[in-house]
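Taking it in order: structure first as structure tokens, then the write-up.
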Amino acid sequence: MRALGALGTLGALLALLLPLPPAPAETYSAMSSVRGALGPERRLLRRLRAYLRLESARLRRLARFYEKVQALHQDPKASVDNPLLAFSLIKRLHSDWPNVIYSDEATENTQALHAGFKEVEQELPGAEDLDGAARALMRLQDVYALSVKGMANGVFQPAGAARPPLYSPGRRVSLSADDCFHVGKVAYDTGDYYHSIAWLEEAVSLFRLSYGSWNPEDRSSLEDALDHLAFSYFMAGNISHALSLSKEFLHYDPSNRRVARNVVKYEKLLEMGTVVGTGPLQRPNSTRLQSRDAYEELCQRPGGQVGLPRGCHDLPPHCCPPSHTFLGLLSPQDHLPLLGCSYETNGSPYLLLQPAKKEVVRIQPYVALYHDFISDTEAETIKGLAGPWLQRSVVASGEKQQKADYRISKSAWLKDTADPVVRALEQRIAAVTGLDLRPPYAEYLQVVNYGLGGHYEPHFDHATSGKSPLYRMKSGNRIATVMIYLSAVEAGGSTAFIAGNFSVPVVKNAALFWWNLRRNGDGDGDTLHAGCPVLAGDKWVANKWIHEHGQEFRRPCSADPRD
């Protein structure tokens, strides 16, 4: 089983001791990095504008030269018998035409554009980012059951469903044929023909519409898409379609011997009748996620709601419309007196003047949401403090930590001494939870920014192995989690509790709390949870993990050893 889902304390300390913030890397894994990539492109745009201005002036002069020479050729009276015209012809051919063809001005303009690109080249996303972004689109396709054709047209519509779009952007942006080809190629290169077929089909359709026209954005072509799609269908067992696409390829490139040999091969296989289609392609499960279907179903639920929402009578204002912040995550059998909203002081003087706005979401596992837990100003301060230190989030694998595709985000760690806002937030967490957060009983505040399609597949926050780096703190396992939503998102990004069969949407400035361990110290299997992919928006959270040592008298054992 995968162990904990965060940096161990040792890693956190090392991150904080870095002399300088990390260099830009893995742009796709945090939306703050993606947003940062806008700066280099703006500088490139300025360079391109200057290039276009200079080239336009040069081309206007070339047009005048062309019109002048063309007029001489079309004028029957302009005879080379005229020594002046003869001299002009010789001079043009000897020096004017070479000057036009090998223009120093054109070279200088191009060199200036190249120099501008070199200035920002180190800041630009790399091949890993492009591939990661492609995998993000496939992840959104899968988790939210989106139509590939709809995505290519800028519509986030569930495939084969009459439901409304999950997200309607203010400006609809379509993908090009080359865009679709690259997504399909990323899948193709890993032998994932389930995804390559869908995206390459869309690429072929779009390339057919524009065949023969040059597009400066295209690095691929209709022939490339047909070639990869044909082989994808062959590997999927659909030989007849692979044959049809290969023949279409030869229509455009009849001299290609490799594809011609494939056509002969496919025809022989069909004649022998030994190849049988494999049936519907199965989606790959690269992380061997046993709870994938339940996880994705929870992510797809609108607003994270489960069952019937409760009414608002006799509930505090923070739980009721018009703000619609009350989640109503209750099924009919859950109408228990303990579930609902309340103002809480938890016996803390810190909360007397401003009680916490608490909504109990579930009893088992115990999950509570504290509304308006942090202010906009505090959230922005914490994001600003963490931003320069963000690095790719890692997961624990035995005693080591490593990057993984099932967690796409960047994170940083903040001590309570980093800023008074962080210290005040720690005091607030201690007040609402009633737990001891003094070192080493809690970890530093972890700030996380999710990337393009950023997610974290089902995992436990507590350690499930005695070899976990968590135990280096010598303060026991993680007894509780406080996760603060520092931002809103436009779509997606819910926190799904798989065993509990409910999900909590992103509620800006709210804090989600749950117990990771039972009172007897065993891990609570019902806390298996996931961060659903962010469909649209910039998701920031702050995690505070509290350990079991130091809490013996704050959360004592129960008389029932099974509790």
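Numbering (the numbering used here), first residue to last: 455 to 1017. Each residue gets a CB set at the ideal place from its N, CA and C atoms; glycine is no exception.
Rounded C-alpha distance that separates Tyr720 from Ile693:
6 Å
DSSP state of Gln900, grouped into three classes?
strand
So the candidates are Leu868, Val848, Phe951 and Leu879; which of them puts its Cα closest to the Cα of Asp826?
Leu879
Counterpart residues of His983 in DSSP-defined beta bridges:
His913 and Phe951, per the DSSP bridge assignment.
Helix, strand or coil for Glu1006, going by three-state DSSP, please let me know.
coil
For Glu677 versus Asp632, is the C-beta distance shorter than 8 Å?
no
Whole beta strand (DSSP E) elements within the region 827-902, 3-residue minimum
849-851, 854-856 and 863-868
Once DSSP output is grouped into helix, strand and coil, what is the label at Thr561?
helix
With 16 other CB atoms within 10 Å as the buried threshold, where does Leu547 fall?
exposed
With DSSP as the reference, label Arg715 as helix, strand or coil.
helix
Three or more C-beta pairs below 8 Å linking the region 619-628 and the region 503-520:
By the Cβ rule, the region 619-628 does not count as touching the region 503-520, because fewer than three pairs are nearer than 8 Å.
Which value, in whole angstroms, describes the spacing of the CA atoms of Ala652 and Arg926?
47 Å
Compute the Euclidean distance between the alpha carbons of Arg882 and Tyr804, then round it to the nearest angstrom.
8 Å
Range covered by the alpha helix (DSSP H) that runs through Phe519:
Leu492 to Gln528
Please state whether DSSP places Arg625 in a helix, a strand or coil.
Coil, per DSSP.
Out of Leu499, Leu891 and Val523, state which residue places its alpha-carbon closest to the alpha-carbon of His568.
Leu499
Return the Cβ separation of Lys998 and Leu899 in integer angstroms, given the expectation that the two are a contact with Cβ distance under 8 Å.
That belief holds up - the Cβ atoms of Lys998 and Leu899 are roughly 6 Å apart, short of 8 Å.
I think Ser650 touches Ser686, with their Cβ atoms under 8 Å apart; what is that distance to the nearest whole Å?
5 Å
Unbroken beta strand (DSSP E) run spanning His1001, endpoints
Trp994 to His1001
Express the C-alpha separation of Arg1008 and Val936 in angstroms, rounding to a whole number.
16 Å
Around the Cβ of Arg877, are there at least 16 other Cβ atoms within 10 angstroms (buried) or fewer (exposed)?
exposed
Pro1015 (DSSP reduced to helix, strand or coil)
coil
Reference Glu562, options Glu509, Glu521, Ser542 and Gly604, closest by Cα
Glu509
Output the distance between the C-alpha atoms of Ala840 and Leu663, rounded to the nearest integer angstrom.
47 Å
Decide yes or no for the touch test of the region 749-757 against the region 975-993: beta carbon pairs closer than 8 Å, at least 3 of them.
yes
Among Lys869, Arg711, Tyr820 and Pro623, which residue has its Cα nearest to the Cα of Val901?
The candidate whose alpha carbon is nearest that of Val901 is Lys869.
Can Val815 and Val961 be called in contact, C-beta distance under 8 Å?
No.
Tell me which residues share the same chain as Ala641 and place their Cβ nearer than 6 Å to its Cβ, disregarding the 5 neighbours each side in the sequence.
His649 and Ser650
Contact set for Thr835: own chain, Cβ-Cβ below 7 Å, skip 5 residues either direction
Asp873 and Val875
Who pairs with Glu796 in a beta bridge, going by DSSP?
Note that residue 796 corresponds to Ser in the displayed sequence, not to Glu. Ser796 pairs with Lys812.
Please name the residue in His636, Val597 and Val554 whose C-alpha comes closest to that of Tyr520.
Val554
Exposed or buried, which one is Lys857 when buried takes at least 16 other CB atoms within 10 Å?
It is exposed - the Cβ of Lys857 has fewer than 16 other Cβ atoms within 10 Å.
Here's the rule: buried if 16 or more other CB atoms are within 10 angstroms of the residue's CB, otherwise exposed. What is Cys1011?
exposed
Using the Cα positions of Arg593 and Ser745, report the straight-line distance between them to the nearest angstrom.
16 Å
Note the first and the last residue of the continuous alpha helix (DSSP H) segment covering Met605.
Val602 to Ala606
Could you check if Arg938 is buried or exposed, using at least 16 other CB atoms within 10 Å of its CB as the buried criterion?
For clarity, residue 938 is Ile in the given sequence; the question names Arg instead. Answer is buried; the Cβ neighbour count reaches 16.
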